Structures are given as C-alpha cells and as structure tokens.
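Visitor: So for the sequence shown, my numbering puts the first residue at 5; every next one is plus one.
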Amino acid sequence: MAVSFIRIGDRMIHGQTCTRWAKEYPCTGLVAVNDKAANNEVLKAAYKAASGKKTFVWTMDAWQKKCGKVLASADQYFLITKNPIDMKKILVDQGFTCDVKTVIVGPCNDREGAVKLGNNQSITQEEAEAFEAMYQKGYKIKFALLPDVSIGTWEDFRGKFGF
5 MAVSFIRIGD
15 RMIHGQTCTR
25 WAKEYPCTGL
35 VAVNDKAANN
45 EVLKAAYKAA
55 SGKKTFVWTM
65 DAWQKKCGKV
75 LASADQYFLI
85 TKNPIDMKKI
95 LVDQGFTCDV
105 KTVIVGPCND
115 REGAVKLGNN
125 QSITQEEAEA
135 FEAMYQKGYK
145 IKFALLPDVS
155 IGTWEDFRGK
165 FGF
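If you want it as structure tokens, here you go:
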C-alpha cells in the first residue's frame, strides 16, 4: 500500500498532519499536490521543513505523471491537497485509485460564501460539489481536524448543499 492516508486541509502540511495523523496511519512520506505551492520555492521549503519526513510538493500535472511511482513505491505516503476541488481532480477526474477509500477533511477556513460545518471547517457550494462527486465515486468523506475530533461525515452535511 503506497498511499496510506488521503487528506484535504487548507494548511496542507503542518505539525498535526505529521505527528497526530502519522500515529494513526503508517507514513514514511508526504505528497502534497497544489500548483501554487509547488511553484513557490519558499512554500515548498516550509512544507518540507514542517514534516521531518520525505516530502514532495507537486503540481497537478506532476502528480498525474508521477502517481504511478507513488503507487509502486515500498514507502507509504499521505496524499494531501489544499482543497476538495484538487482532490476531486485526482480521485474522480483523473481516476486515481488506491486501497484508501476514506478522505479526511481537516481545516477549511471560514470565508465569504462558505457554509460553516464546524470549528475551522467551512465549505463553499463548489467545494460541496467536489465532495459529492467523490462521495458518488464511493469515497467516505470524514470531517476531522484530529483523529479523535470529528464533526461527522459528508452524509451528515450534504443536505445543506442540495444533495
């Protein structure tokens, strides 16, 4: 199993990702997919410094080209995106599959036009549509800032967005 954990969080890589979640799921490395971060050397360096593990910050195009190597690897990686729209591109549009069928949603900051689901977890209608597409593809979506702090699953919230 080369991907051991799938997560969406607007901070992508930070202490909680690397310490708390890695205790719950085996992890030797992290792959963060975000075009803006991958094209910013300062952000890339900060993410790599935060993890203490083998860390890759790739564009969506780079992910698409290299995801087969991740799957074939003997290492176990967390797959992380900054937002549900990017994760939908990977799991639904690109058809990436692995043994992990649960997507953990971490921090999603409050912002204009977003519906607050819980503490530091707010999503827009466009993001809801991305969650719904992943859900329809068979993924369980769990909103959890930490392993022991969950506000529920997509099934609990999809009605707020017309699904």
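Beta carbons: idealized from backbone N, C-alpha and C, even for Gly. All values reported here derive from a predicted model rather than from experimental measurement.
Please look up how many angstroms separate the CB atoms of Cys112 and Val7, rounded, as I've assumed it's under 8 Å.
Guide: Within the sequence shown, numbered from 1, the residue matching residue 112 stands at position 108. Within the sequence shown, numbered from 1, the residue matching residue 7 stands at position 3. Not a contact, Cβ separation roughly 21 Å.
Visitor: Starting from Phe60, follow the beta strand (DSSP E) in both directions and report where the run begins and ends.
Guide: Numbered from its first residue, the sequence shown carries residue 60 at position 56. Segment Lys58 to Trp62, the beta strand (DSSP E) holding Phe60.
Visitor: For the beta strand (DSSP E) holding Gln98, just list the boundary residues, first then last.
Guide: Taking the first residue of the sequence shown as position 1, residue 98 is located at position 94. Neither: Gln98 is in no beta strand (DSSP E) and is coded neither H nor E.
Visitor: Go ahead and pull the three-state DSSP assignment for Ser126.
Guide: Taking the first residue of the sequence shown as position 1, residue 126 is located at position 122. Strand, per DSSP.
Visitor: Can you list, in chain order, the residues of its chain whose CB lies under 6 Å from that of Asp14, leaving out five sequence neighbours each side?
Guide: Residue 14 sits at position 10 when you count from the first residue of the sequence shown. Once the five neighbours on either side are set aside, the close Cβ partners of Asp14 are Lys86, Pro111, Cys112 and Asn113.
Visitor: Please state if the CB of Thr106 and the CB of Gly117 are separated by a distance shorter than 7 Å.
Guide: Here the question's residue 117 lines up with position 113 in the sequence shown. Here the question's residue 106 lines up with position 102 in the sequence shown. No, the Cβ-Cβ distance between Gly117 and Thr106 is not below 7 Å.
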